[in-house]
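Quick mapping for you: the protein sequence lines, in order, are chains H and Z. Residues 33 to 361 in our numbering are what the first sequence spells out, letter by letter. Residues 33 to 361 in our numbering are what the second sequence spells out, letter by letter. We put the beta carbon where it would ideally sit given N, CA and C, even for glycine. See structure below.
2 protein chains.
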Amino acid sequence: MATLKDVARLAGVSVKTVSNVVNGYSFVKADNRRRVEEALEATGYRPNLGARNLRRGRTGFIALVLPELSIPYFAELAGLVIAAAQEHEWNVLIEQTFGTLAGERSALASLGPHLVDAAILSPEALQVDDFQLSVPAVLLGEHAVDVPISRVGIDNVAAAQAAVRHLISLGHQRIAAIGAHPHRGTAALRLEGYRAALAEASLPFVDELVVPALNYHRADGAAAMKSLLDLRNPPDAVFCFNDLLAIGAMRAAAERFVRVPQDLAVVGFDNNEESVYSSPSLTSVAPDKGAIARAAVDLLHRRAESRDSALEDVETPFSLQVRESTVAR
Amino acid sequence: MATLKDVARLAGVSVKTVSNVVNGYSFVKADNRRRVEEALEATGYRPNLGARNLRRGRTGFIALVLPELSIPYFAELAGLVIAAAQEHEWNVLIEQTFGTLAGERSALASLGPHLVDAAILSPEALQVDDFQLSVPAVLLGEHAVDVPISRVGIDNVAAAQAAVRHLISLGHQRIAAIGAHPHRGTAALRLEGYRAALAEASLPFVDELVVPALNYHRADGAAAMKSLLDLRNPPDAVFCFNDLLAIGAMRAAAERFVRVPQDLAVVGFDNNEESVYSSPSLTSVAPDKGAIARAAVDLLHRRAESRDSALEDVETPFSLQVRESTVAR
DNA sequence: CATCGTTGTTCCAACGTTGTAAAGACCTGA
DNA sequence: TCAGGTCTTTACAACGTTGGAACAACGATG
């Protein structure tokens, strides 16, 4: 592989002059510039990014720490983050934590400042003490704990409230929630939104209608739904804290011959592509994932350029996509 | 951030001795080793991978070039590749091509030997001439074109044949295929398997029952299914070349009040998690994605270590997961 | 006591790049 | 012609690491 040295020899100039041409430095004589460009072409020179970054004191990578790529929300987000990072000449290094404390700790530990210039984190279990970061970082979703790191995400309380309001406006009274979680920050906020919507409609908050879910996978939604259908007095609507739970819930309902939406209305959260094509298609809270990805990457870029580190809290927009899984009673 | 120099100063030894300790060199006096280890601990030293790799002439990264992370098959695969790469101390750099020729070319072009040590490719449109690679590579799926690069994947002909045989064994006679594609290697092979299964059962190959799909997204499956349902004599079963097409097809069928599986049996390919929870759940060809990821990474590791470059063609196992979308007529 | 091999440590160079400073070429106007 | 400036190019060092050679200390051997 050709190096600057090779190009320089071929063009009959110094290494630095070639470097200057490559980096678009203005003051290069037309004649030399032409010769260098020809030599670049002839050798097929490509800069050694490792060496360049070593010299420049950066790595050219940002980390994206997320639970699992097999969760559609994170897969979609990862794709958008990669695209956004390209704008700033960043490559993305994806670390999976599988939502475990150990996984998240080890991911964070591996993030030396040598490996990445910055990090986007989507933690689920981390404690305050764990956030000893050596690079600029931004949290996605919500502050699981009170920690001085910037954040990008939607207003989870308002979004959950909008979802439940929608159910209430359709005439549902006995509305369940699936996805309560002891440590997850977003879960607490969505529950808060659920509570608020019930309260403003003077509907009672019923303990047995709030079902926890540990992993937010389809299987968890199915299990939770089964337990709801086993109640003496089952719900007529259910708000799931993500689409996978909702898909699992709809599946469980179908297995019990409970019809969605006639017997049971279902709302999800995340607006996965999958939910547009399910039968019935799923009403879902739709965060603007592209906006989240861009905001996170841009924020890190600003942070990495200037050393100022004011905390930011970027609120991205969301909407409610109404589909077949919710109809008026 | 601490460097070897800092640690050396603190421990009162030379930089190289610290390097030796870090790299597990045997001949270090117990006393020095202890002091160095203490200093490493105290400074929280983490090696600068960029510098190490520059010196060692490697990058520590492999590229994974795929169409889109928002396609569940590739998202799941990416997660598994990341896990497999970790075993060899490799990080994974994901490049999305969106299945376009331009995207694939630019991804390949950006793969200088400085950026990655090796590459895993899942091309869909590349031509023979494009495969001028500067690093060891392996193709996933199938050789789109006849090119001297190793490959990892299942026997697509046999897999498709098994899927269609299954439909035939259930008594279906008019079996459609969705997913034909002019350039995609796997599409041709799956079509071949479809043909073979029909032939061995002495069923006619009917042109109008083979529907092309350009992007293998859910929307393409829905569109294709609609065109099939518009036929004067619609099929009683359909074999889709991936699960997304099948999900779209099932959705389109539902919109026309065609019942799956009673009126129409559907088989997919890829065995996405999504297909286990759809209603009805989807019968699907299940490649062993973990085996594919491991085989690809291991192959590249062998290739990167030793300079020998024998072509390999690794066939990974698959199975047919029979679910609700297929029943006997 | 000289020699040897083993063990342990250090010095130097190099990976490919770019910032800095300095040197060289060229032009302008007096 | 020369001083003073503007362009243009170069030499050198450095980023943090490791391979190799050189060197030093040591006990064992003859």
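Using a 10 angstroms sphere on the CB of Z:K321, the tally of other CB atoms reaches 16 or more, which defines it as buried. Here the alpha carbons of Z:A43 and Z:N64 stand approximately 8 Å from one another. Contact note: Z:P155 does not reach chain H at a C-beta cutoff of 7 Å; the least C-beta distance is about 18 Å. In the displayed model, H:P319 falls within a strand according to three-state DSSP. Judged by DSSP secondary structure, Z:I186 falls outside any alpha helix (DSSP H); it is assigned neither H nor E. Listed along the chain, the chain H residues whose CB falls inside 8 Å of the CB of Z:Q128 are G111, I114 and A115.
Under the DSSP assignment, H:G203 falls outside any alpha helix (DSSP H); it carries neither an H nor an E label. Identification of residues in the segment 299-315 of chain Z having a C-beta nearer than 7 Å to some C-beta of chain H yields E305, E306, Y309, S310 and S311, given in sequence order. Within 9 Å of the CB of H:H146, the CB atoms of chain Z belong to M33, R78, P79, N80, L81, G82, A83 and R84, in sequence order along the chain.
Contact annotation: in the segment 271-296 of chain H, residues whose CB is within less than 8 Å of a CB in chain Z are I279, G280, M282, R283 and A286. Around the beta carbon of H:L343, fewer than 16 other beta carbons sit within 10 angstroms, so the residue counts as exposed.
For H:V45, same chain residues with a beta-carbon under 8 Å away, outside a window of 5 residues either side, are N64, R67 and V68 in chain order.
Cβ contact annotation for H:F130 (same chain, cutoff 7 Å, sequence separation greater than five): P99 and E100, in chain order.
Of all alpha-carbon atoms in H:R335, H:H333, H:A336 and H:G300, the one lying nearest the alpha-carbon of H:S351 is that of H:G300.
Within chain Z, no C-beta atom comes nearer than 7 Å to that of H:S58; the closest sits roughly 26 Å away. Boundaries for Z:I152: no alpha helix (DSSP H) harbours it, while the beta strand (DSSP E) harbouring it runs A150 to L153, taken from the DSSP string. Of H:S307, H:A190 and H:D149, the smallest CA-CA separation from H:L86 is found for H:D149. With a minimum length of 3 residues, the unbroken runs of beta strand (DSSP E) contained wholly in the segment 201-282 of chain H fall at 207-212, 242-244 and 269-272. In this structure, the alpha-carbon of H:A220 lies about 7 Å from that of H:H213. When DSSP reads this structure, Z:E356 sits in no beta bridge, so it has no partner. Against Z:R250, the close residues of chain H are E305, E306, V308 and Y309, in the order they occur along the chain (beta-carbon pairs closer than 9 Å). Among the residues of chain H, those whose CB is under 7 Å from the CB of Z:N123 are L125, following chain order. Sixteen is the threshold: when 16 or more other Cβ atoms of the shown chains lie within 10 Å of the Cβ of H:Q128, as they do, the residue is buried.
Secondary structure note for Z:A297: its beta strand (DSSP E) is the uninterrupted segment A297 to F301.
With the rule of 3 Cβ pairs closer than 8 Å, the segment 78-94 of chain H does not count as touching the segment 301-308 of chain H. Taking a beta-carbon distance threshold of 9 Å, Z:S102 counts as an interface residue toward chain H. For H:T91, the chain Z residues whose Cβ falls inside 7 Å of its Cβ are G82, in order along the chain. Buried is the label assigned to H:P168, since at least 16 other Cβ atoms lie within 10 Å of its Cβ. Residues of the same chain with a CB within less than 6 Å of the CB of H:P349, apart from the 5 flanking positions on each side, are D320 in chain order.
Cβ atoms of Z:G217 and Z:A190 stay farther apart than 8 Å, at about 15 Å. If you compare the alpha carbons of Z:I207, Z:L36, Z:L125 and Z:H146 with that of Z:E240, the shortest gap goes to Z:I207. When secondary structure is reduced to three states using DSSP, H:D63 falls in the helix class.
Nearest neighbour of H:A256 by Cα position, chosen from H:V238, H:V242 and H:S341, turns out to be H:V242. For Z:I103, no pairing in a beta bridge is given by DSSP. By the CB criterion at 9 Å, H:I103 and H:L276 fall inside the cutoff. For Z:E73, no chain H residue has a C-beta closer than 7 Å to its own C-beta; the minimum C-beta separation is roughly 14 Å.
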